[in-house]
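S.K.: Handing you a structure now.
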Amino acid sequence: MRFQLIGVNHKTAPVEVRERLAIPESRLPEACKKLAEHADVAEGMIVSTCNRVEFLANMKDGSGDLRAFIRDYFAVHMRQFESHLYEFRENEAIRHVFRVASSLDSMIVGEPQILGQIKEAYATARAVGAVRLQLDQLLTRAFAVAKRVRTETAVGSSSVSVASVAVELAEKIFGNLKGKSVYLVGAGKMSELAARHLLVHGAESIFVANRTYDRAIGLAHKFDGQAIEFSRLHETCDRADIVITSTGSPHFIFKRQHGEQFLARRKNKPMFFIDIAVPRDVDPEMNRLDGIFVYDIDDLQQAVTTHVADRKKEAEKAEAIVAGEVQKFQDRLQTLDVVPTIVSLHDHLETIRQAEIDRVRGRLGAMSPEQELAVEALTRGIVNKIMHTPIRALKTAARDQESTTIVELVRRLFNLEDEKKRAAASKSGGDSGESR
């Protein structure tokens, strides 16, 4: 087990830092493939959302460092990010993955979106062959832990999300949303969620612009709204009181001059921009304009403190579940580490048993089927009794730090390394003979 995780999130890095490491959805498969191909990495996966960018790997050995991949992939000097990075290894990495999947590390504790985002990241990495074996086991278990947290606690009982908090802010600015028009820039899942919340709270008309026009049409149709071609975004955006923007653009799509144009056409009626994109879609300079209110993903964090307080007790229950699950997962992985030795021991003793039966069979003379069964039962019983103590020692050691020492001792006592080498040499010889 050589798990390593390194990343930044809304707690450790402001949005201007996170957006420099963010990887758009379209580039995620290629990035995961490159991570898995990195010299120190056996398996890898990347989670990139508006609140976090995390690189998770099963390392080939304990000396590798994921900073090398980040440095090479982004072509950056790591010292500019060092103060914002967090790093977890082994059990702490397992615990972090379980907590993130269970929404215990989210901006809004208990929000449901993060689990879906991790499942998508996992599916992407698995599709390109970057996730196999141990990472597959880790993520599969993380999804089960998240389900258990939701089932056994009320941490996600009330429907709170970034989108719902954004709606609360809009209501504070406008008093209520009755009759207000909304412009969704980007037709992703977050935009759709925001649209649902806005309509429930009184918004009447919705415009949708997306670089892929068909997706804009599809989302607008769901809400009886109007789809607008992305090329007409700036000439039509002033129709809306509230703009929720979440695109994958690497640059600002709304700048100060756009805000000035909007206000002029709206006769200074206020506009509210909720920028939930990372990298950000709205230049912070727009916030300097009277009548333009801009909230980015970090601003939303300040609006959720009351929700966090309400969920504290349930979160404590969830943390206890995660702690127990981490220990179980560790025990399972460590037990798997000793399985090859147990199998080798069984094969070794079974070979001796069969050889001894064959050796004395001639002296025993013809045996009835009942006698054959009796010899089989007797010899198998002896082998099982011999195996019992070393197997119990191996399984017990698997739960402690001494597992490597015990495994090595058992292999030496029963000469299992030599058996393995002899078997390999025999197979190699047989293969070469056939080829000749």
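Those letters in the sequence shown? Residues 9 to 444, by our numbering. Even glycine gets a Cβ: it sits at the ideal position worked out from N, Cα and C.
#1: Can you tell me which of Ala224, His229, Ile252 and Ala248 puts its alpha carbon nearest to the alpha carbon of Ser239?
#2: Tell me the start and end of each unbroken beta strand (DSSP E) in the stretch 48-94 that is at least 3 residues and wholly inside, in chain order.
#3: Whole angstroms is fine: what's the gap from Asn66's alpha carbon to Ala401's?
#4: Using 8 Å for Cβ pairs, my map puts Leu146 next to Phe11. What's the rounded Cβ distance?
#5: With which residues is Tyr303 paired in a DSSP beta bridge?
#6: Give the straight-line distance between the Cα atoms of Arg367 and Ile360, rounded to the nearest whole angstrom.
#7: Could you give the first and the last residue of the continuous beta strand (DSSP E) run that contains Leu206?
#8: Classify Gln88 as buried or exposed, calling it buried when 16 or more other Cβ atoms lie within 10 Å of its own Cβ.
#9: Restricting to Cα atoms, I'd like to know which of Val136, Ala135, Ala150 and Leu143 is closest to Gly124.
#10: How many Å lie between Leu424 and Val23 at the Cα?
#11: Give a yes or no on whether the C-beta atoms belonging to Ala163 and Ala21 are separated by under 9 Å.
#12: Among Cys58, Ala76 and His46, whose alpha-carbon lies nearest the alpha-carbon of Asp5?
#13: Taking just the CA atoms, how far does Met53 sit from Phe422?
#14: For Phe337, which residues in the same chain have their Cβ closer than 7 Å to its Cβ, ignoring the five residues on either side in sequence?
#15: Identify whether Phe262 lies in helix, strand or coil by the three-state DSSP scheme.
#16: By DSSP's criteria, Val23 is part of a beta bridge. Which residues make up the other side?
#17: How many angstroms separate the CA atom of Gly187 from the CA atom of Val216?
#18: Rounding to the nearest angstrom, what Cα-Cα distance links Glu45 and Phe280 in this structure?
#19: Among Ser111, Met115 and Leu192, whose alpha-carbon lies nearest the alpha-carbon of Arg156?
#20: Provide the residue(s) that pair with Asn423 in DSSP beta bridges, ordered along the chain.
#21: Less than 9 Å between the beta carbons of Phe231 and Leu207, yes or no?
#22: Looking only at C-alpha atoms, which of Arg264, Val190 and Asn218 sits nearest to Ile282?
#23: Assuming Cys40 and Thr161 make a contact with CB atoms under 8 Å, what is their CB distance in whole Å?
#24: Quick one: is Arg26 buried, meaning 16 or more other Cβ sit within 10 Å of its Cβ, or exposed?
#25: What number of angstroms, rounded off, separates the C-alpha of Ala178 from the C-alpha of Leu308?
#26: Can you tell me which residues form a DSSP beta bridge with Val290?
#27: So, for Glu293: in the same chain, excluding its five sequence neighbours on each side, which residues have a beta-carbon less than 6 Å away from its beta-carbon?
#28: Quick check on Gln220: does DSSP put it in helix, strand or coil?
#29: Does DSSP classify Phe231 as helix, strand or coil?
#30: Just to confirm before moving on: does the CB-CB distance between Val108 and Ser114 stay below 9 Å?
#31: Rounded to whole angstroms, how far is the Cβ of Val346 from the Cβ of Val302, which I believe are closer than 8 Å?
#32: Following the continuous beta strand (DSSP E) through Asn17, name the residue where it begins and the one where it ends.
#33: Tell me whether Leu141 is buried or exposed, calling it buried when 16 or more other Cβ atoms sit within 10 Å of its Cβ.
#34: For Thr253, which beta-bridge partners are listed by DSSP?
#35: Tell me, to the nearest whole angstrom, how far the beta carbon of Ile350 is from that of Ile399; I am working on the premise that it is less than 8 Å.
#36: Do Val391 and Leu357 count as a contact pair if the criterion is CB distance below 9 Å?
M.R.: Well, looking at it:
#1: Ala224
#2: The stretch 48-94 contains these whole beta strand (DSSP E) runs: 49-56 and 60-67.
#3: The alpha-carbon of Asn66 is positioned some 28 Å away from that of Ala401.
#4: 7 Å
#5: Ile282
#6: Going from the Cα of Arg367 to the Cα of Ile360 covers about 10 Å.
#7: Counting along the chain, Leu206 falls outside any beta strand (DSSP E), though it belongs to the alpha helix (DSSP H) covering Lys197 to Val208.
#8: exposed
#9: Ala150
#10: Roughly 55 Å between the two C-alpha positions.
#11: Note that residue 163 is Val in the sequence shown here, rather than Ala. Taking 9 Å as the Cβ cut-off, Val163 and Ala21 do not qualify as a contacting pair.
#12: This structure leaves residue 5 out entirely; the chain is present only between 9 and 444.
#13: If you draw a straight line from the Cα of Phe422 to the Cα of Met53, it comes to about 40 Å.
#14: Ile102 and Arg149
#15: strand
#16: Its beta-bridge partners do not exist; DSSP assigns none.
#17: 17 Å
#18: 44 Å
#19: Of the candidates Ser111, Met115 and Leu192, the one whose C-alpha sits nearest the C-alpha of Arg156 is Ser111.
#20: In the DSSP output, where bridge partners are listed per residue, Asn423 has none listed.
#21: Result yes, Cβ atoms of Phe231 and Leu207 sit closer than 9 Å.
#22: Val190
#23: The pair is not a contact, with the Cβ atoms about 32 Å apart (cut-off 8 Å).
#24: buried
#25: Roughly 11 Å separates the two Cα atoms.
#26: According to DSSP, Val290 bridges with Phe262.
#27: These residues qualify, in order along the chain: Arg264.
#28: Residue identity differs from the one stated: residue 220 is Thr in this sequence, not Gln. Here Thr220 sits in coil by DSSP.
#29: coil
#30: The answer is yes: Cβ separation under 9 Å.
#31: Wrong, their Cβ atoms sit about 57 Å apart, outside the cutoff.
#32: Phe11 to Asn17
#33: With a threshold of 16 other beta carbon atoms within 10 Å, Leu141 falls short and is exposed.
#34: Val193 and Asp283
#35: 6 Å
#36: Taking 9 Å as the Cβ cut-off, Leu357 and Val391 qualify as a contacting pair.
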